[in-house]
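Each residue of the sequence shown is one higher than the one before, starting from 1 at the first, in full-length UniProt numbering. Cβ atoms here follow ideal geometry from the backbone N, Cα and C, with glycine treated the same way. Just so we're clear, the structure is a prediction, and the values are computed from it rather than from any experiment. Let me begin by presenting the structure, written as structure tokens, before commenting on it.
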Amino acid sequence: MGNSTYSAFAYKAGSSWVHGCPPWIKILMVPTLNIAVFLLPVWVGITCVVLQFLLALSLKFSLQELYKDVSFVLYYGFLLILVQALAFLFEGNIENWRVWLISQKETGVLLIKLVCVMQSVSIMFKTSTSLELREGIGTIESKLTGKYTFTDSISMFISFIPMIAKNWQQAQRAWIARGGKKNIRMIKTLLPVLFFVGMKSAYNKARAVAIRKS
């Protein structure tokens, strides 16, 4: 997949053991791992981030793909640090640098945990098709309740994550192709477009499911 067509969280075909792992196991492992990361000491999160990074490289994910999948967290971290720095400046507390350092340490811990979350979700989506995820959800629900009540709704919700990421990437490329720049104006212009496209896709999918069930 070329860089120009890359979409965050998009499925990448492969024959690795991760691709072959039953989807219901991956669906259960992702929230379990992420909850554990937030509850356990930070070194657990650091270890998971490193192991996930090495696993992603072994699955032939490029460094650019890995960066794009966690870029939102990095942007969020930059803004958080900037806001904290400005708050200290305007409040006249910049002399109390120890408090500022503690706040940066807490921010760093949060970012490590968020990167772990994003990487785990990325690996799941990149190694599982939408159909596999749906079957995995159905397996879990049937084991717990003995029937299929929420499988379609939950699988549709999950499938919208890579779809929204793909729509955003396409909107960005169209914006840049027309001479636009990546700035606040781009976000203000493209977010309504993303909302409209997402709602239209949701309507079409809901209609297709209703027709199939009728």
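Within its chain, find whatever has a CB closer than 6 Å to the CB of Phe38; leave out the 5 residues flanking it on each side and keep chain order.
The sequence position of residue 38 within the sequence shown is 38, counting from 1. Hits under 6 Å: Lys113.
Buried or exposed: where does Phe72 fall if 16 or more other Cβ atoms within 10 Å of its Cβ makes it buried?
Within the sequence shown, numbered from 1, the residue matching residue 72 stands at position 72. It counts as exposed.
If we count the other Cβ atoms within 10 Å of its Cβ and call it buried at 16 or more, is Ala177 buried or exposed?
Mapped onto the sequence shown, residue 177 falls at position 177. Exposed.
Using the beta-carbon count (16 or more within 10 Å), is Pro23 buried or exposed?
The count along the sequence shown starts at 1 and reaches residue 23 at position 23. It is buried - the Cβ of Pro23 has at least 16 other Cβ atoms within 10 Å.
Cutting at 6 Å between CB atoms, please list the residues of its own chain near Ile27, excluding the five before and the five after it.
Residue numbering aside, residue 27 sits at position 27 when the sequence shown is read from its first letter. Within the same chain, Ile27 has close Cβ partners Gly136.
How long is the line joining the alpha carbons of Arg134 and Pro31, rounded to whole angstroms?
The sequence position of residue 134 within the sequence shown is 134, counting from 1. The sequence position of residue 31 within the sequence shown is 31, counting from 1. Rounded to the nearest angstrom, the two C-alpha atoms are 16 Å apart.
Measure the C-alpha to C-alpha separation of Phe61 and Phe53 and round it to an integer number of angstroms.
Translated into the one-based positions of the sequence shown, residue 61 becomes position 61. Translated into the one-based positions of the sequence shown, residue 53 becomes position 53. Approximately 9 Å, taken between the alpha carbons.
Between which residues of its own chain and Val197 is the CB-CB distance below 6 Å, once the five residues before and five after are set aside?
Position 197 of the sequence shown, counting from 1, holds the residue named residue 197. These residues qualify, in order along the chain: Asn167.
Which residue's Cα is closest to the Cα of Leu115: Arg173, Gln169 and Cys48?
Within the sequence shown, residue 115 is the residue found at index 115, counting from 1. Sequence inspection shows Val at residue 115; the Leu mentioned does not correspond to that position. The option with the nearest alpha carbon to Val115 is Cys48.
Please state the DSSP three-state secondary structure of Phe88.
One-based indexing of the sequence shown puts residue 88 at position 88. Residue state, collapsed to three classes: helix.
Please report the distance separating the alpha-carbon of Leu57 from that of Glu132.
Your numbering for residue 57 matches position 57 in the sequence shown. Your numbering for residue 132 matches position 132 in the sequence shown. Taking the straight line from one Cα to the other gives about 23 Å.
Provide the residue span of the alpha helix (DSSP H) that contains Cys21, from first to last.
Along the sequence shown, one-based indexing puts residue 21 at 21. Per DSSP, Cys21 belongs to no alpha helix (DSSP H) and is neither H nor E.
Nearest-angstrom Cα distance between Ile81 and Gln170?
If you number the sequence shown from 1, residue 81 lands on position 81. If you number the sequence shown from 1, residue 170 lands on position 170. Each residue's alpha carbon lies about 29 Å from the other.
Within its chain, find whatever has a CB closer than 6 Å to the CB of Val117; leave out the 5 residues flanking it on each side and keep chain order.
Within the sequence shown, residue 117 is the residue found at index 117, counting from 1. Hits under 6 Å: Asn34.
Where do the ends of the alpha helix (DSSP H) carrying Gly138 lie?
The residue given as residue 138 occupies position 138 in the sequence shown. For Gly138, the enclosing alpha helix (DSSP H) starts and ends at Ser130 to Thr145.
Quick check on the burial criterion: 16 or more other C-beta atoms within 10 angstroms. Buried or exposed for Val83?
Here residue 83 refers to the residue found at position 83 when the sequence shown is read from its first residue. The residue in question, Val83, is exposed, as its Cβ has fewer than 16 Cβ neighbours within 10 Å.
For Pro45, does the three-state DSSP call read helix, strand or coil?
Residue numbering aside, residue 45 sits at position 45 when the sequence shown is read from its first letter. As written in the sequence, residue 45 is Gly, which differs from the Pro given in the question. Here Gly45 sits in helix by DSSP.
Would you report the Cα separation of Ser120 and Ala36, rounded to the nearest angstrom?
Here residue 120 corresponds to residue number 120 of the sequence shown, with the count starting at 1. Here residue 36 corresponds to residue number 36 of the sequence shown, with the count starting at 1. Answer to the nearest angstrom: the Cα atoms are 13 Å apart.
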